[in-house]
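Sequential numbering of the sequence shown, starting at 6, is according to the working numbering.
Backbone N, C-alpha and C fix where the C-beta goes; we use that ideal spot for every residue, glycine too.
First the structure, in the form of C-alpha cells, and then the observations on it.
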Amino acid sequence: MQNKNLAAVDLDLLPVLEALLRRRNVTHAAQEVGLSQPAVSRALSRLRDLFDDPLLIRAGGGLTLTPKAERLAPQVAAALEGLRGLFREAGFDPAQESRTVRLVASDVHAVLLLPPLMARLAHEAPGIDVQVSAYGPDTVTRMQQGRLDLAFALETTPLPVGTESLPLGEDRLALVMRRGHPLADRPLTPEDYERFPHAAISIFGDGQSELDAALAARGLSRQIALTTPYFMAALATVGHSNLLTTLSAALAQRMADSFGLVCRPTPLAPEPMRLVLVWDRLRGRDPALIWFRERLRDVAAEVYSVT
Numbered sequence: 006m007q008n009k010n011l012a013a014v015d016l017d018l019l020p021v022l023e024a025l026l027r028r029r030n031v032t033h034a035a036q037e038v039g040l041s042q043p044a045v046s047r048a049l050s051r052l053r054d055l056f057d058d059p060l061l062i063r064a065g066g067g068l069t070l071t072p073k074a075e076r077l078a079p080q081v082a083a084a085l086e087g088l089r090g091l092f093r094e095a096g097f098d099p100a101q102e103s104r105t106v107r108l109v110a111s112d113v114h115a116v117l118l119l120p121p122l123m124a125r126l127a128h129e130a131p132g133i134d135v136q137v138s139a140y141g142p143d144t145v146t147r148m149q150q151g152r153l154d155l156a157f158a159l160e161t162t163p164l165p166v167g168t169e170s171l172p173l174g175e176d177r178l179a180l181v182m183r184r185g186h187p188l189a190d191r192p193l194t195p196e197d198y199e200r201f202p203h204a205a206i207s208i209f210g211d212g213q214s215e216l217d218a219a220l221a222a223r224g225l226s227r228q229i230a231l232t233t234p235y236f237m238a239a240l241a242t243v244g245h246s247n248l249l250t251t252l253s254a255a256l257a258q259r260m261a262d263s264f265g266l267v268c269r270p271t272p273l274a275p276e277p278m279r280l281v282l283v284w285d286r287l288r289g290r291d292p293a294l295i296w297f298r299e300r301l302r303d304v305a306a307e308v309y310s311v312t
C-alpha cells in the first residue's frame, strides 16, 4: 500500500478494520460497527487485498493478528480517532482559553462597558485579552476579512449582508451642559439649540447629524464650535464652558460628577437608542466568541435597560 492513491481507498473500511484488529472476531466486530457478519467478512476480504496481507489468521481456535496487522493496529486506531476529532465539537473552557478578541468601539462603549467586562475576564478567563480599535471607513471590510471580531452599532444602523447582531440594551440622548449654565434650570425647547454653541461628535468625520436634520425641519440651526470624534472630550469641554452637547445619557450621567454636568432629556430625539453587538456570520459559531458575546451582554444589562 506504499503508493496507494488515497482517493481510491474506501474510508468506510477504516472503522471495520479498527474493530477487527481490536476484537479479533468477525462476529463481535460486526456487532460493534452495526453491520452483518457477511458484510464484515466481505470487508475483511477487501482489506486483505488493500494491504496485501491476510491481517487475521486462524490459530488456536480463534483469530490472531499477523505481524503486519500488529503494526497497523495502533496506527489505525490513531487515524480513526483523528478523523472522529474532525467532527467532534471541542469543549470550550474560558479559564483555559488564550486569545485576543478584537473589538470596535467608541469611547462611550469603552468607558461604560470595558471596566466591568475586564473585571469579569480577569476572574473567569484571564487568558482572553481585548484589543479595542476605533471605527473607520474600513471597519466592515476588516470584519469580513476576519481582522475584527465584534463591533457596537445602533439597531437603526443598516448592517452589511452576512452580519448577525445581539441586542445589548437601550440608551437615550441627553442635552448636556455645565452646572450653573443659563439653561440648566428651566424646560428646554428646540429653539434653545440656537442660543448657545455646541460641541459635536463626528466618529466618521462625515459631518452628518440627525440632530441637525431635525433642527432644519423646524427651520432652526446650531453653531458647532467644536467637532471631535471623542465623546469624553466633548463632555470635558462642556464642563468648562457654555457649550452644549447632545450624546449618550448613560455616559453623561456616569461622568456628571467628574465634569460638573447637568443632563437633560433632549427635546429633539425622545425615542430610545437600542444598542446591538455585530459580528460577521462566518465567525458566529466560534465557541470563544459566543461565550464573550454572552459576557458582554451580561455586562451591558448592568449598564443599560435591556429589552
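Taking a 10 Å sphere around the C-beta of T250, we find 16 or more other C-beta atoms and assign the residue as buried.
A buried status is given to E23, since no fewer than 16 other beta-carbon atoms sit within 10 Å of its beta-carbon.
Apart from the 5 residues on each side of it in sequence, K73 sits with its Cβ closer than 8 Å to the Cβ of F56, D58, L60 in its chain, given in chain order.
Looking at the backbone, the Cα of S41 and that of L287 are separated by about 42 Å. Taken through DSSP and simplified to helix, strand or coil, I133 comes out as strand.
In terms of Cβ geometry, R300 and L126 form a close pair [threshold 9 Å].
Taken through DSSP and simplified to helix, strand or coil, V21 comes out as helix.
About 6 Å separates the Cβ atoms of R269 and A179, confirming a contact at the 8 Å cut-off. Rounded to whole angstroms, A84 and R76 show a C-alpha spacing of 13 Å.
If you draw a straight line from the Cα of P275 to the Cα of N247, it comes to about 23 Å. Segment contact: the segment 232–239 against the segment 275–284, fewer than three CB-CB distances shorter than 8 Å; contact not assigned.
Spatial neighbours of P165 in its own chain (CB-CB distance under 7 Å, excluding positions within 5 residues in sequence) are listed in chain order as V145.
When C-beta atoms of the segment 132–152 are compared with those of the segment 98–109, three or more pairs fall below 8 Å, so the two segments count as touching.
DSSP assignment within the segment 211–258 yields the following whole beta strand (DSSP E) runs of 3 residues or more, N-terminal first: 229–233, 250–253.
In this structure, L117 places its C-beta atom within 9 Å of the C-beta atom of R259. In the three-state reduction of the DSSP assignment, F92 falls in the coil class. Rounded to the nearest whole angstrom, the CA to CA distance from H33 to S46 is 12 Å. Taking 9 Å as the cut-off, the Cβ atoms of L188 and D176 do not count as close.
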